[in-house]
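Input: a single structure, listed below in C-alpha cells.
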Amino acid sequence: MPWETIHKDAAPRVPPHLDDYGKARAAFSWSAARAALDGLPDGRGLNIAHEAVDRHAASAHRTAVALRCVGRDDSVTSVTYEELARSTSRFANVLRALGVGPGERVMTLLGRCPQLYTVVLGTLKSKGVLCPLFSAFGPDPVAQRLRLGDARVLVTTADLYRRKVAGQRDRLPGLDHVLVVGEGADDLPGTLSYDALTAAAPDTFTIPPTSPDDMALLHFTSGTTGTPKGAVHVHEAAVAHHATALYALDLHRDDVFWCTADPGWVTGMSYGVIAPLMHGVTVVVDEGDFDARRWYRILAEQRVGVWYTAPTALRMLMRTTPRTGPYDLPASFDLSALRFIASVGEPLNPEAVLWGRDVLGLPVHDNWWQTETGAIMIANFAGCDIRPGSMGRPLPGVEAAVLRRGEDGRADVTDGRVTVLDEPGAEGELALRPGWPSMFRGYLHDEERTAAAFAGGWYLTGDLVRRDADGWYWFVGRADDVIKSAGHLIGPFEVESALMEHPAVAEAGVIGRPDAVAGNIVKAFVSLRPGFEPSTATRRELLAFARRRLGPAVAPREIAFDPHLPHTRSGKVMRRLLRARETGLPEGDISTLEGTEGSA
Ligand code: ATP
Ligand code: MG
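Residue numbering for the sequence shown follows full-length UniProt numbering, beginning at 1 and increasing consecutively.
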C-alpha cells in the first residue's frame, strides 16, 4: 500500500459508536434504521416526502431553512421547511387535479431552481414517480428518456421546452401534460403554466397511504459503459438515505450542506434533496456552473459545513491550486465552517485526498455507490481513518464480496453459481448481498438486463475491486475498462492515479490500445495543468515518471495529450469513447456526453 493512512479527526460529530467499525456493524440492523424514521401518521406507511418535509413542517423545525438557493447573479433565496411543505402540497394537488395517479411518471427538465425541489417532493407526496432529466441534455436524449420512462407529465421552462421538446412532441403520445415554470407558458401551445396552476391549488395535502414498496423514483444511469438504464427505486429507499447520510456524510440537523451534483443524477437526488432534508439540514443549491472562485465563495459565504462533491470537480480545483502551492486562491476565503468533505462518482486519486488535507485542511472521504444501489454502500466513514485511494469499507447493513472473474472480466457465473474470494488481496467483481432498502427494483422495461445483474444470491456491480487484509476496498476499474496487456490485468485507475502525482497532469484517462504482440498496450490520454505545454520532452518525462512509479509492465507505453477528455455529464471520464476513437470503432450511445447535445 503506497499511501499512508490518514488517522481519524480529533473531533468528529459522529455518534461515538461509529469509532468502532466492528461494533457499529454488529449493532446495526435495517429494521432498527427503519424504526428510527417517523412513518406516515396512523401507520399509513412510509413516504419519502413526509420524512423529508412534512414531519419537519409539523415540528418546531418548521422555520428552519430547508433550501438556500444561490442564483447565477449571486442572489440568495431561502425556503423554510414550512414553505416547502406548502409548495409541495400545492404541486401534489395540481397533479391530482390533472388526474395523474399513483405510479405515473412525472419528469423534470429544469435547472437547479427552487421549483425543481417542489416538483420532486410534491410528486412523491402525490405518489407519482419522479424522474429527473439533466437540463443540459439535448433533444434526442430528452425524448429517448421521456419515451423509455413513459412520462405523463413534464415540468420544464419555456426556453428548454422550445429548444428540446416542442419539435418532438407529436412523437410522444403518452406525454399528456407539459407544465412550464416561469414566463412564457401562454405563448406555447400544448403547455400549461406551472405558476398559475400551483398558485390556484390548495396548500395542504394529506399524503395517501404509501407502501414502502411503492415506486418513487426512476433514475437513468450515467451511460458511461453504454446505453443508460432506467433504475426503479421505491419509498423504502428513504431508510438507506437517512442512515447512510449519518455514517458516510456525518450529516446532522442544522448543518449547512452542499452537494454539488445536479439532481438530474442519482447523487443530486439521494444526497442533494432527500437525505439532507430528512436530517433537517439546510441545503445549499447553486444555480450556477463550476468556477473555482465561485465555489470557494459559496463554501465561505454560506458557511458550508459538509461538502459532497466529485473527483472531477476536485481535479478542477487542483488545476488552479496544486498541492505544492501556492494556496493563494483558497486561502483568500474563510473556509472555517467546513468540517467534512466527501466525494463520489469516480475513483478518487490519492493525490486528491491529500490535496484536500493540505490545501483545505480536511482530507476528502471517498465513497462508492451506483444508481442501482440508490445510496452509499462503501465509504471512508466520518470519524474513522482514511486510506487514500481506497473507497473505504462497507456501511453497516451492507454485505459486500469479491467474486472470482471469468474470461470476460465479469464474475464467473457457472450454473447460476459464483465463487466468493475470501483471501486478503482478492481481486474480482464487487458484489452486494441484496436486501438493503435502496436497492433498485429493476431496470424499467428491461427484465433481461435486470436478471443479468443478479447471480448466485448477489447483485453484480460491474466494477472490479481489490479487498485488503483489513477489509478495505480498492477500486481497480470497471470490468469493461480493465486492460489485458502481455498477460497482465491492469486497472486504469492505478495508472491514472500515478500520472496525477506529476505536477504537469490535471487529469488522465487510460485505455488499452489493441496491439498485435501484447494484446493491448496501455495508452494514456492526459490533459495538462495551466503552464505546461504538450511537447516531446513532457511526454518523455511523463513516460519515465510513470515507469518509475508503476514498473514497465503497468506503465503506459504511449501518452497522447488531450485538453478535453470526454466526460459524461455526471462528470466521469468516458474511457469507452477514448477506446472507440482510438480504434475507429463506432462511438455507441453518446447521449450523456458532456459538451454536446448528445445523440442516442
Ligand atoms: P452506466 O451504468 O450507464 O455505464 P455509470 O455506471 O457511470 O453509467 P452511475 O450509476 O452514475 O452510472 O455510476 C456508478 C459507477 O461510478 C460505479 O459503478 C463506479 O464505476 C463509479 N464510481 C462511483 N463512485 C466511485 C468511487 N468512489 N470510486 C470508484 N468508482 C466509483
Ligand atoms: Mg453503471
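The beta-carbon is built from N, C-alpha and C at its ideal position, and this holds for glycine as well.
Smallest Cα separation from residue i: which of the options?
i      : options                           : result
Asp470 : Leu188, Pro394 and Gly595         : Pro394
Ala382 : Pro363, Thr227, Ala352 and Gly184 : Pro363
Ala166 : Ala185, Pro514 and Gly22          : Ala185
Phe257 : Arg339, Cys131 and Ala553         : Arg339
Leu277 : Thr419, Asp385, Gly226 and Ala49  : Ala49
Gly571 : Gly71, Ala196, Glu594 and Gly288  : Glu594
Pro534 : Arg548, Glu507, Cys259 and Asp562 : Asp562
Leu444 : Ser343, Arg466 and Arg105         : Arg105
Gly477 : Gly428, Asp74 and Glu582          : Gly428
His488 : Glu496, Gly512, Asp446 and Ala553 : Ala553
Arg112 : His233, Val526, Trp368 and Val155 : Val155
Ala310 : Val53, His242, Ser332 and Gly345  : Gly345
Tyr473 : Ala431, Pro586 and Thr77          : Ala431
Ala486 : Val418, Leu314, Leu543 and Pro556 : Pro556
Val153 : Arg162, Asp291 and Arg96          : Arg96
Asp255 : Ala245, Ser270, Gly190 and Ala544 : Ala245
Ala508 : Pro566, Asp468 and Val418         : Pro566
Trp295 : Leu335, Gly99 and Val398          : Leu335
Ile207 : Ala33, Ala85 and Thr198           : Ala85
Leu109 : Val181, Trp368, Thr312 and Thr461 : Val181
Our contact map puts residue i next to residue j with C-beta atoms below 8 Å; I'd like the distance itself, whole angstroms only.
i           : j      : result
Gly356      : Ile341 : 6 Å
residue 602 : Leu421 : It is not possible to answer for residue 602, since the shown part of the chain is limited to 1 through 600.
Leu550      : Ala498 : 5 Å
Asp589      : Gly223 : 6 Å
Ala57       : Tyr81  : 5 Å
Met107      : Cys131 : 5 Å
Ala216      : Ala237 : 7 Å
Arg253      : Gly280 : 4 Å
Gly264      : Leu179 : At roughly 17 Å, the Cβ-Cβ gap does not stay under 8 Å, so Gly264 and Leu179 are not in contact.
Ile490      : Val526 : About 17 Å separates the two Cβ atoms, so there is no contact after all.
Pro102      : Asp214 : 7 Å
Leu116      : His235 : With a Cβ gap of about 20 Å, Leu116 and His235 do not count as contacting.
Residue i by DSSP, collapsed to three states: which one?
i      : result
Lys484 : strand
His56  : helix
His502 : coil
Met1   : Any answer about Met1 is weak, because its pLDDT of 43 lies below 50 and its placement is not dependable; what the coordinates show is given next. Residue state, collapsed to three classes: coil.
Ser78  : strand
Asn93  : helix
Pro16  : Any reading at Pro16 must be qualified, since the residue scores a pLDDT of 43, below 50, and its modelled position is unreliable; no value is offered.
Lys23  : helix
Met278 : helix
Gly409 : coil
Phe532 : coil
Ser31  : helix
Glu429 : strand
Met439 : coil
Asp42  : helix
His241 : helix
Arg152 : strand
Thr583 : helix
Is residue i near ligand 2, with its Cβ less than 8 Å from a heavy atom?
i      : result
Gln370 : yes
Gly462 : yes
Ser222 : yes
Thr225 : yes
CB of residue i to nearest heavy atom of ligand 1: below 8 Å?
i           : result
Trp265      : yes
Met391      : yes
Lys572      : yes
Gly345      : yes
Asp415      : no
Arg478      : yes
Phe493      : yes
His244      : Reading off the sequence shown, one finds Thr at residue 244, where the question assumed His. Checking the Cβ of Thr244 against ligand 1 gives no.
Pro228      : yes
residue 661 : Because the chain is modelled from 1 through 600, residue 661 falls outside the range shown and cannot be assessed.
Thr450      : no
Phe475      : yes
Thr568      : yes
Asp262      : no
Asn93       : no
Asp250      : no
Asp366      : yes
Check whether the Cβ of residue i lies closer than 8 Å to any heavy atom of ligand 3, and answer yes or no.
i      : result
Leu348 : As for ligand 3, it is missing from this structure, which binds only ligand 1 and ligand 2.
So is residue i in contact with chain B if we call contact Cβ pairs under 9 Å?
i      : result
Pro434 : Checking the listed chains, one finds no chain B in this structure; it contains a single protein chain.
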